[in-house]
Amino acid sequence: MIENENNQEKEIKKPNRSGFLKGVFTGAVLMGAIIICRNEFIHQANQWKQQLTTDTGSDEEANELNTNRIAQKSAYIQRLIDQYFLFDEDYEEMEESMYAGLMAGLKDPYAAYYSADEMDEVMEDTTGVYYGIGAVVSQNIETGIITITRVYPDSPAEKAGMMAGDMLYKVDGIEATGEELDMLVSQHVRGEQGTSVEIEVYRESTGEYLTLYPVRDKIETETVSYEMLEDDIGYILVSQFENVTDKQFRTAVEELEAEGMQKLVLDLRGNTGGTLDSALGMMSYVLPDGLLFYDEDKNRSGTKYVSENGALYQITYTQDNPEVTKKVFMEDGHQLDMPIVILVNGYTASAAEAFSSSLRDFDWATLLGTKTYGKGIVQTMMTLGDGSMVKLTTSQYYSKSGYVIHQQGLEPDVELEFDIEAFVDNAYSKEADNQIQKAVELLR
Numbered sequence: 073m074i075e076n077e078n079n080q081e082k083e084i085k086k087p088n089r090s091g092f093l094k095g096v097f098t099g100a101v102l103m104g105a106i107i108i109c110r111n112e113f114i115h116q117a118n119q120w121k122q123q124l125t126t127d128t129g130s131d132e133e134a135n136e137l138n139t140n141r142i143a144q145k146s147a148y149i150q151r152l153i154d155q156y157f158l159f160d161e162d163y164e165e166m167e168e169s170m171y172a173g174l175m176a177g178l179k180d181p182y183a184a185y186y187s188a189d190e191m192d193e194v195m196e197d198t199t200g201v202y203y204g205i206g207a208v209v210s211q212n213i214e215t216g217i218i219t220i221t222r223v224y225p226d227s228p229a230e231k232a233g234m235m236a237g238d239m240l241y242k243v244d245g246i247e248a249t250g251e252e253l254d255m256l257v258s259q260h261v262r263g264e265q266g267t268s269v270e271i272e273v274y275r276e277s278t279g280e281y282l283t284l285y286p287v288r289d290k291i292e293t294e295t296v297s298y299e300m301l302e303d304d305i306g307y308i309l310v311s312q313f314e315n316v317t318d319k320q321f322r323t324a325v326e327e328l329e330a331e332g333m334q335k336l337v338l339d340l341r342g343n344t345g346g347t348l349d350s351a352l353g354m355m356s357y358v359l360p361d362g363l364l365f366y367d368e369d370k371n372r373s374g375t376k377y378v379s380e381n382g383a384l385y386q387i388t389y390t391q392d393n394p395e396v397t398k399k400v401f402m403e404d405g406h407q408l409d410m411p412i413v414i415l416v417n418g419y420t421a422s423a424a425e426a427f428s429s430s431l432r433d434f435d436w437a438t439l440l441g442t443k444t445y446g447k448g449i450v451q452t453m454m455t456l457g458d459g460s461m462v463k464l465t466t467s468q469y470y471s472k473s474g475y476v477i478h479q480q481g482l483e484p485d486v487e488l489e490f491d492i493e494a495f496v497d498n499a500y501s502k503e504a505d506n507q508i509q510k511a512v513e514l515l516r
């Protein structure tokens, strides 16, 4: 007897000797047939191999893909498939898989190939309107684990019982860990209004697996929420950067200032990034004149974003020329001159890290919480002319001081772990949030 992982006993059965001998005889006959077929295959393959010419330059000399060899080898493999493959072929799927494999060979977790059909699903408007469950997710690139970082109030996710911190285990029966995040969300989490999706989560705080059935609905994402705290301290939560975020942030600041805000707690915990333009809009609205941050590609060419004389300028440069072009990126006639504490954690990433590092470089804010994620690279979507696209990592963020964010993250000025045990029955409140209360204490 043995025990499995659930401590359930399983019996090891002894093999039937007569059945075993019969199986050996049958297996020997089949093996003979396979050997005959294999000999025919080898004879045919040898003929095809003579047509497969790969002598197009040594691998040591080549600094690029040998497209001639790839074409010939692909044709050879196709002939093998045509001759021997048992089932019907889906030629379109095979071709799309070849392109996806080419991107997978880059070993970059952010690089991807999207077919025309997939692009219709992935490239939804970033205006903050979609049909889904109303939850923000983040994927750990090293482990592939997908975690819920925020659940929108009164959303289908909240109504179904989902909580921030839940780890996605399965979505409609598909194991979530390791799946490409964009495709998992667009093809399985989002869908038609009024339909339900089966989501199994693991809740680490209780050590249990829960199966939830949120009913998809129209989600108009409020990426910014705000309120006044005590002692003239305003609180603004920015959950992610979408096209609407910059405008929503400005509205929040203006309304809080009208209520007497003199100090600000800016919550970027769980903000995994989004559109860089929106983060730049917030930077220029908050910060004084100067270099906000810059990015640079493999050829030492890049873009600097400089606030100057009421405008945010985009300056392109090369290794040999410090200013190739200079143009107005957006209007900029404002700065938010008050004490600011920014809350960050391990899910604060990408554009949220660029924003946080810029404010700290200007000595404009104090970072409080735990070390940020460390994603400081830029992906660019490139069309291929037939409706498909590739997503490539093309450049890297640098803070104003030249600090490399990628794979390093930002260490907070005040390190403080989030105290999950402070919440009774997992009910969240700002009064029990030790990081918010510490920020308030610092601002006082």
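If you read the sequence shown in our numbering, its first letter stands for residue 73, the second for the next number, and so on.
Quick reminder that beta carbons are idealized off the backbone N, C-alpha and C, glycines included.
Please give me, in chain order, every unbroken run of the alpha helix (DSSP H) with length at least 4 that falls completely inside the region 318-365. 348-358
Which residues in the same chain have their Cβ closer than 7 Å to the Cβ of residue 446, if we skip the five residues on either side of it in sequence? Only 477, 478, 479, 480, 481 meet the Cβ criterion.
Alpha carbon to alpha carbon, how far is residue 452 from residue 153? 36 Å
Roughly how many whole angstroms lie between the Cα atoms of residue 339 and residue 352? Rounded to whole angstroms, residue 339 and residue 352 show a C-alpha spacing of 17 Å.
Could you tell me the distance, in whole angstroms, from the CA atom of residue 469 to the CA atom of residue 423? 9 Å
Have a look at 274, 219, 454 and flag the residue whose alpha-carbon is nearest the alpha-carbon of residue 183. Of all alpha-carbon atoms in 274, 219, 454, the one lying nearest the alpha-carbon of residue 183 is that of 454.
Can you tell me the Cα-Cα spacing of residue 414 and residue 503, whole angstroms? 17 Å
Applying the criterion that 16 or more other CB atoms from any shown protein chain within 10 Å of the CB defines a buried residue, is residue 206 buried or exposed? buried
On a CA-only basis, which of 257, 300, 322 is nearest residue 335? Give me that one, please. 300
Specify the secondary structure class of residue 482 as computed by DSSP and reduced to three states. coil
Between residue 382 and residue 402, what straight-line distance do the alpha-carbon atoms span, to the nearest angstrom? 9 Å
Would the beta-carbon of residue 354 fall within 8 Å of that of residue 427? yes
What does the Cβ neighbour count give for residue 501, buried or exposed, with the cut at 16 atoms within 10 Å? exposed
For the alpha helix (DSSP H) that contains residue 151, what are its first and last residues? 139-156
Just the C-alpha distance for residue 209 and residue 254, rounded to the nearest angstrom, thanks. 10 Å
For residue 267 and residue 292, what's the separation of their Cα atoms in angstroms? Their backbone Cα atoms lie some 17 Å apart in a straight line.
Rounded to whole angstroms, what's the CA-CA distance from residue 437 to residue 425? Just pull it up for me. Cα to Cα, residue 437 sits roughly 13 Å from residue 425.
Under the assumption that residue 262 contacts residue 345 (Cβ atoms under 8 Å), give the Cβ distance between them as a whole number of angstroms. Actually they are not in contact, since the Cβ atoms of residue 262 and residue 345 sit about 19 Å apart, beyond 8 Å.
Counterpart residues of residue 383 in DSSP-defined beta bridges: 380, 403.
Measure from the C-beta of residue 237 to each C-beta in chain C and report whether the shortest distance is under 8 Å. The chain inventory of the structure shown lacks chain C, comprising one protein chain alone.
Decide if residue 178 is buried, meaning its Cβ has at least 16 other Cβ atoms within 10 Å, or exposed. exposed
Do you know offhand how far residue 483's Cα is from residue 432's? 11 Å
Mind checking who residue 413 pairs with in its DSSP beta bridge? 337, 438
Under the DSSP definition of a beta bridge, which residues are partnered with residue 396? Paired residues: none, contrary to the question.
At the level of alpha carbons, what is the spacing between residue 249 and residue 218? Each residue's alpha carbon lies about 6 Å from the other.
Exposure label - residue 211; buried when at least 16 CB within 10 Å: buried
Any idea which residues DSSP pairs residue 313 with across the strands? 346
Rounded to whole angstroms, how far is the Cβ of residue 277 from the Cβ of residue 367, which I believe are closer than 8 Å? Not a contact, Cβ separation roughly 38 Å.
Once DSSP output is grouped into helix, strand and coil, what is the label at residue 255? helix
Is residue 298 helix, strand or coil when you go by DSSP? strand
Flag this pair as yes or no: are the beta carbons of residue 507 and residue 456 separated by less than 8 Å? no
Check each candidate in 260, 236, 361 and name the one with the smallest Cα separation from residue 246. 260
So what's residue 132 in DSSP terms, helix, strand or just coil? Annotation note: pLDDT 49 at residue 132 (below 50); position unreliable, no value reported.
Mind reading off the beta-carbon distance from residue 185 to residue 171? Whole number of angstroms is fine, and I expect it under 8 Å. 5 Å
What ranges does the beta strand (DSSP E) occupy inside the region 158-191, keeping only unbroken runs of at least 3 residues that lie completely in it? 184-186
Find out if the Cβ-Cβ distance for the pair residue 235, residue 223 is shorter than 8 Å. yes
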